[in-house]
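Chemist:
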Amino acid sequence: MGGYGMNTRGLGEARNIRDLAREQALLPLRIFLGVTFIYAGLDKLTDSSFFRADGPGSIGAAMHAVRDSAAIPALVDLALKGPGAFGYAIALGELAVGIGTLIGLWARLAALGGALISLSLWLTVSWQVTPYYFGNDLVYLMAWLPLVLGGAASFSLDALLTSRRRRIR
Numbered sequence: 401m402g403g404y405g406m407n408t409r410g411l412g413e414a415r416n417i418r419d420l421a422r423e424q425a426l427l428p429l430r431i432f433l434g435v436t437f438i439y440a441g442l443d444k445l446t447d448s449s450f451f452r453a454d455g456p457g458s459i460g461a462a463m464h465a466v467r468d469s470a471a472i473p474a475l476v477d478l479a480l481k482g483p484g485a486f487g488y489a490i491a492l493g494e495l496a497v498g499i500g501t502l503i504g505l506w507a508r509l510a511a512l513g514g515a516l517i518s519l520s521l522w523l524t525v526s527w528q529v530t531p532y533y534f535g536n537d538l539v540y541l542m543a544w545l546p547l548v549l550g551g552a553a554s555f556s557l558d559a560l561l562t563s564r565r566r567r568i569r
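Quick note on numbering: the sequence shown equals residues 401 to 569 in my numbering.
#1: Given that a residue counts as buried once 16 or more other Cβ atoms are within 10 Å of its Cβ, and exposed if not, what is D419?
#2: I need the straight-line Cα distance from S554 to A421, nearest angstrom please.
#3: Residue range of the alpha helix (DSSP H) that R418 falls in?
#4: In the DSSP assignment, the alpha helix (DSSP H) including A462 goes from what residue to what residue?
#5: What does a CB cutoff of less than 6 angstroms around L523 pick up in its chain, not counting 5 residues either side in sequence?
#6: Would you please state the rounded distance, in angstroms, between the beta carbons of P483 and G460? I believe it to be under 8 angstroms.
#7: Along the chain, which unbroken stretches of the alpha helix (DSSP H) at least 4 residues long are found entirely within the segment 481-509?
#8: Tell me which residue opens and which closes the alpha helix (DSSP H) that P546 is part of.
#9: Taking the CB atoms as reference points, tell me whether L545 and A496 lie closer together than 9 angstroms.
#10: Quick check: Q424 and V466, are their CB atoms within less than 9 angstroms of each other?
#11: Can D537 and L560 be called in contact, C-beta distance under 9 angstroms?
#12: Measuring only the C-alpha atoms, how far is G445 from F437?
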């Protein structure tokens, strides 16, 4: 067996509950964020009104509504230059981040993408929410940070690929 903090056990070997809990600590967060971002991306992609420049439920109307209260109005102005393209970028970004997070492929990069999406939405769409803890984008941003730092240590394609690379050496 390896030293403290080193996981040299094979799959299926006995471990104590503390080690298992430590290894799986981020798994519930990964599942929640992965499923939520997949759902958010698919929800946008299947809503024909979302990609319009104006009208009820459109990304354009949402951006116009928050433009003057955003922390960085220039981000909103950039989105308003092509609201449909911006909507597709957000939807496809959420879908890619969700899938990467859920299956644990390039997990830290996926989490960074999720954090950046959440940060941009917080600085634009939910910036005016008071008190700040009622806005969900800030909470999502904070939820992504442990995954940026920790990655997907188990039940992930990253862990499988790492294990295969170690066996080849």
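Backbone N, C-alpha and C define an ideal beta-carbon position, used for all residues, glycine too.
Modeler: Walking through what the data contain:
#1: exposed
#2: 11 angstroms
#3: Taken as a continuous stretch (DSSP letters only), the alpha helix (DSSP H) holding R418 covers I417 to Q424.
#4: I459 to V466
#5: Taking L523 as the centre and dropping the five residues before and after it, the same chain places the C-beta of A471 and I472 closer than 6 angstroms to its C-beta, in chain order.
#6: 4 angstroms
#7: Correct list: 483-503.
#8: N536 to G550
#9: no
#10: no
#11: For D537 and L560, no; Cβs fall outside 9 angstroms.
#12: Contrary to the premise, residue 445 reads as Leu rather than Gly in this sequence. Going by the C-alpha atoms only, they are around 12 angstroms apart.
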